[in-house]
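Numbering (the UniProt record's numbering), first residue to last: 1 to 318. Single-structure report; data block below.
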């Protein structure tokens with residue numbers, strides 16, 4: 001049985017760990033733990049039903065369920081995954097055609113005003129019998145992932161424009177209905193296959209998007225906004241040489257030489273051949289040399305006058 005997904009978050013090369021466990025996005029730690037142990041009992045060879053293929057159940061547990069739980073149960077991994085989901089939501093809000101959604105519940109989420117409540121209800125309904133039949137597990141995961149994608153789109157739209165965020169998606173869904181009738185097989189084309197694992201490939205794409213936006217902001221001299229973009233990128237790839245180079249160049253413009261040095265050094269540690277980082281560090285070194293004489297003069301000016309020997313203590317000779 002192949003674990004490759006073609007719908008939902010998979011179209012952005014993003015694994016759906018919540019769907020793998022039958023959980024709604026943002027489930028609490030307690031809910032994650034409780035759900036995992038329930039699934040583990042139903043799939044473990046020692047406790048699964050007698051009529052279930054034990055080898056396949058064990059494979060499902062080790063290849064699908066355990067990896068999802070490992071990410072969702074670790075604070076650091078979970079925070080990084082949440083950032084990734086936010087980026088997927090932003091991209092999906094721009095790129096996904098509502099008519100491509102094949103799960104009826106997902107279509108409903110894109111148009112209903114009470115999408116939060118309906119999302120929770122639909123996830124619970126689908127997850128209720130998710131692991132009773134091995135042959136149907138992946139189909140349920142796929143449906144859950146489409147629900148999750150629709151939810152991320154709606155959440156992103158709501159965060160951008162408040163309560164009015166639902167209207168643009170409703171309009172897009174209505175506009176897409178004639179197209180859906182004419183092209184029932186329409187779906188979002190998956191990104192080209194990458195050599196790296198799916199989550200790593202998706203992360204790299206989002207980091208590139210952040211860097212591109214940061215470069216545009218730098219050109220407009222909106223340096224603080226560019227720093228915000230790059231900080232988000234570094235949350236995903238803390239050692240990304242391009243990000244650190246851009247950060248270094250910004251701090252160079254802001255005359256924050258110490259911060260510029262930190263980022264150029266990190267950029268070259270990650271990629272010693274980074275030409276932009278090399279140029280940036282050379283500019284930094286020139287500025288540091290110019291700053292040294294001025295700093296020395298300033299320090300000398302602050303030094304108090306020295307007393308002239310012991311006689312100075314007693315007011316000189318009498």
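Just so it is clear, CB atoms sit at the ideal spot from N, CA and C, and this is done for glycine as well.
Taking 7 Å as the limit between beta carbons, can you name the residues of its chain near residue i, skipping five residues before and five after?
i, result
"residue 254", "223"
"residue 142", "5, 7, 8"
"residue 261", "284"
"residue 322", "Nothing about residue 322 can be reported from this structure: the residues present for the chain run from 1 to 318 only."
"residue 132", "none"
"residue 52", "134"
"residue 155", "89"
"residue 287", "257"
"residue 137", "60, 130, 131"
"residue 103", "143, 146, 147"
"residue 19", "8, 141, 144, 145, 148"
"residue 280", "245, 248, 249, 252, 264"
"residue 66", "none"
Considering only the beta carbon of each residue, do residue i and residue j sit closer than 8 Å?
i, j, result
"residue 320", "residue 61", "The requested residue 320 does not occur in the structure, where the chain is confined to residues 1 to 318."
"residue 43", "residue 32", "no"
"residue 257", "residue 234", "no"
"residue 8", "residue 149", "yes"
"residue 91", "residue 12", "yes"
"residue 145", "residue 16", "yes"
"residue 236", "residue 88", "no"
"residue 78", "residue 152", "no"
"residue 249", "residue 270", "no"
"residue 109", "residue 134", "no"
"residue 112", "residue 118", "yes"
"residue 140", "residue 130", "yes"
"residue 36", "residue 81", "no"
"residue 128", "residue 105", "no"
What would DSSP say about residue i, mapped onto helix, strand or coil?
i, result
"residue 12", "helix"
"residue 211", "helix"
"residue 110", "coil"
"residue 30", "helix"
"residue 377", "It is not possible to answer for residue 377, since the shown part of the chain is limited to 1 through 318."
"residue 245", "helix"
"residue 264", "helix"
"residue 85", "helix"
"residue 22", "coil"
"residue 158", "helix"
"residue 64", "helix"
"residue 271", "coil"
"residue 258", "helix"
"residue 47", "coil"
"residue 292", "helix"
"residue 59", "helix"
"residue 97", "coil"
"residue 235", "helix"
"residue 77", "helix"
"residue 115", "helix"
"residue 322", "With the chain covering 1 to 318 only, the question about residue 322 has no answer from this structure."
"residue 133", "coil"
Can you list, in chain order, the residues of its chain whose CB lies under 6 Å from that of residue i, leaving out five sequence neighbours each side?
i, result
"residue 214", "226, 229, 230, 246"
"residue 21", "35, 68"
"residue 10", "none"
"residue 72", "17, 32, 78"
Within a Cβ cutoff of 8 Å, which residues of the same chain sit near residue i, ignoring the five residues on either side of it in sequence?
i, result
"residue 277", "241, 244, 245, 248, 264, 267, 268, 271"
Inter-stretch contact (C-beta, 8 Å, three-pair minimum) for the stretch 44-57 and the stretch 202-212: Flag = no, the stretch 44-57 and the stretch 202-212 do not touch.
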